[in-house]
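Here you go:
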């Protein structure tokens with residue numbers, strides 16, 4: 001069979017933490033465009049990124065920005081003759097022929113619909129996960145319960161009352177790990193099966209009776225409470241770490257080593273760092289942070305969109321500011337406007353998860369200017385475009401040093417070999 005897809009464009013990925021294509025993903029050291037196309041055969045779009053990542057989806061997320069095609073220039077890990085995006089850059093393709101997955105048809109248990117789930121689970125009686133998940137497998141696991149639902153491709157939940165908040169079927173579009181022709185819910189979305197009749201919703205049945213609690217302190221970080229997070233724009237905007245063996249101690253060490261004074265753990269295996277919580281975050285009941293850490297089930301690691309937050313004692317967080325002296329021969333100038341479709345500094349670029357002012361200055365040492373953007377991006381040049389921006393716009397901390405500023409989205413912390421006027 002000939003090629004069944006066409007190239008669309010190079011996109012900036014992870015704008016405010018949101019994936020351009022987020023329905024399914026594959027990471028492989030032998031990644032090629034064809035391999036990704038095959039993996040995403042049930043989706044309309046697929047994209048390759050960071051040399052070895054493959055992402056699938058039926059829609060391109062809103063507000064994603066088209067980048068210059070030359071910014072998607074990394075060779076694929078499985079073929080040096082092909083390009084597979086770059087760091088935070090995804091090469092997107094559209095499939096002409098695809099076979100969208102749909103909910104399963106079971107003889108004994110009809111499909112009811114897509115429903116919203118939450119931090120207090122709506123099917124709370126029993127749960128299991130499997131890399132071979134299907135609706136039939138979930139049905140067998142939930143024998144004896146009135147309703148069951150699949151979620152996040154590999155999760156199965158059971159209960160006796162029908163969830164009350166319905167969601168569009170398009171939001172239950174993740175393919176099951178055990179069958180690429182079936183959908184198994186989505187992120188906090190359940191594909192629910194059972195008798196199609198309304199039952200009385202009983203929130204009391206979801207109460208948490210476990211004894212796991214958050215410790216008062218972890219490595220000099222004091223526990224602050226359970227707080228809301230926001231996936232499009234994280235409330236702790238510094239460094240990030242995902243780990244299948246996450247513990248509170250691991251997250252504390254990771255954030256401390258990058259000079260951050262606050263850390264939060266979320267969804268069992270996610271760690272976020274910062275020096276303060278965004279004002280959009282609100283403290284909520286401890287019962288909303290009930291997921292156990294993947295690396296230690298005696299510890300709690302937040303929940304979906306919920307953070308267990310820890311902070312160093314008041315006054316021990318080093319104040320963040322831009323340097324007043326020179327850094328490797330460069331002087332801070334101001335916050336500067338950038339544009340992904342027309343870079344202010346365009347002669348060289350570096351992306352790094354340990355970005356700092358010093359790292360960027362050293363990388364750009366043969367240029368007249370450098371600028372830091374979005375926490376982990378470094379741009380160099382001998383000519384400068386763009387215009388000055390308000391200082392308050394450059395408020396994102398560097399991923400490699402939480403005491404420094406590294407611009408923001410489309411904003412550069414700008415440095416020059418000449419002292420400021």
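Numbering (full-length UniProt numbering), first residue to last: 1 to 421. Where a beta carbon is used, it is the ideal one built from N, C-alpha and C, also for glycine.
Is the separation between the beta-carbon of residue i and that of residue j shorter than 8 Å?
i: residue 296; j: residue 405; result: no
i: residue 21; j: residue 74; result: no
i: residue 189; j: residue 171; result: yes
i: residue 376; j: residue 351; result: yes
i: residue 367; j: residue 348; result: yes
i: residue 289; j: residue 240; result: no
i: residue 408; j: residue 396; result: yes
i: residue 148; j: residue 136; result: no
i: residue 307; j: residue 342; result: no
i: residue 394; j: residue 378; result: no
i: residue 413; j: residue 364; result: no
i: residue 10; j: residue 88; result: no
i: residue 159; j: residue 399; result: no
i: residue 133; j: residue 146; result: no
i: residue 280; j: residue 362; result: no
i: residue 345; j: residue 301; result: no
i: residue 422; j: residue 4; result: Absent from the model: residue 422. The displayed extent of the chain is 1 to 421, so no value can be given.
Could you have a look at residue i and say whether DSSP puts it in helix, strand or coil?
i: residue 417; result: coil
i: residue 60; result: coil
i: residue 65; result: coil
i: residue 384; result: coil
i: residue 265; result: strand
i: residue 226; result: strand
i: residue 19; result: coil
i: residue 81; result: strand
i: residue 72; result: coil
i: residue 136; result: helix
i: residue 294; result: coil
i: residue 347; result: coil
i: residue 141; result: helix
i: residue 86; result: strand
i: residue 175; result: strand
i: residue 317; result: Because residue 317 carries a pLDDT of 43, less than 50, the predicted location of this residue cannot be relied on, and the following value inherits that uncertainty. Residue 317 falls in the coil class under three-state DSSP.
i: residue 406; result: coil
How many angstroms separate the CA atom of residue i from the CA atom of residue j?
i: residue 37; j: residue 383; result: 40 Å
i: residue 178; j: residue 141; result: 14 Å
i: residue 67; j: residue 85; result: 11 Å
i: residue 23; j: residue 419; result: 48 Å
i: residue 273; j: residue 358; result: 20 Å
i: residue 284; j: residue 7; result: 45 Å
i: residue 28; j: residue 60; result: 22 Å
i: residue 226; j: residue 235; result: 13 Å
i: residue 168; j: residue 385; result: 45 Å
i: residue 228; j: residue 79; result: 42 Å
i: residue 315; j: residue 275; result: Residue confidence is low: residue 315 scores 36 on pLDDT, short of 50, so the model does not pin down where it sits. No coordinate-derived value is stated.
i: residue 371; j: residue 13; result: 20 Å
i: residue 26; j: residue 131; result: 14 Å
i: residue 333; j: residue 387; result: 12 Å
i: residue 242; j: residue 269; result: 6 Å
i: residue 72; j: residue 215; result: 44 Å
i: residue 292; j: residue 126; result: 16 Å
i: residue 287; j: residue 244; result: 23 Å
i: residue 254; j: residue 246; result: 11 Å
i: residue 129; j: residue 256; result: 33 Å
i: residue 19; j: residue 176; result: 20 Å
In or out: residue i buried (at least 16 other Cβ within 10 Å) or exposed?
i: residue 390; result: exposed
i: residue 185; result: buried
i: residue 326; result: exposed
i: residue 110; result: exposed
i: residue 294; result: buried
i: residue 91; result: buried
i: residue 415; result: buried
i: residue 104; result: buried
i: residue 35; result: buried
i: residue 163; result: buried
i: residue 165; result: exposed
If I measure Cβ to Cβ from residue i and keep anything under 7 Å in the same chain, skipping five residues before and after, which residues do I get?
i: residue 44; result: 58, 94, 95 and 98
i: residue 218; result: 248, 249, 252 and 310
i: residue 417; result: 329, 330 and 368
i: residue 106; result: 135, 136, 139 and 193
i: residue 144; result: none
i: residue 304; result: 119, 188 and 267
In chain order, what residues of the same chain have a beta carbon less than 8 Å from the beta carbon of residue i, not counting five sequence neighbours either side?
i: residue 76; result: 31, 32, 33, 48, 51, 52, 82, 83 and 84
i: residue 206; result: Residue placement at residue 206 is flagged as unreliable, the pLDDT there being 27, under the threshold of 50; the coordinate-derived value follows with that caveat. Answer for residue 206: 120, 121, 122 and 124, listed in chain order.
i: residue 312; result: 220, 221, 222, 261 and 262
Might you give, ordered along the chain, the residues of its own chain that have their beta carbon closer than 6 Å to the beta carbon of residue i, omitting 5 neighbours on each side?
i: residue 277; result: 235
i: residue 39; result: 26 and 54
i: residue 224; result: 309 and 311
i: residue 354; result: 400
Within the present structure, is the beta-carbon of residue i separated from the nearest heavy atom of the ligand PLP by less than 7 Å?
i: residue 410; result: The ligand PLP is absent from the structure shown, which contains no ligands of any kind.
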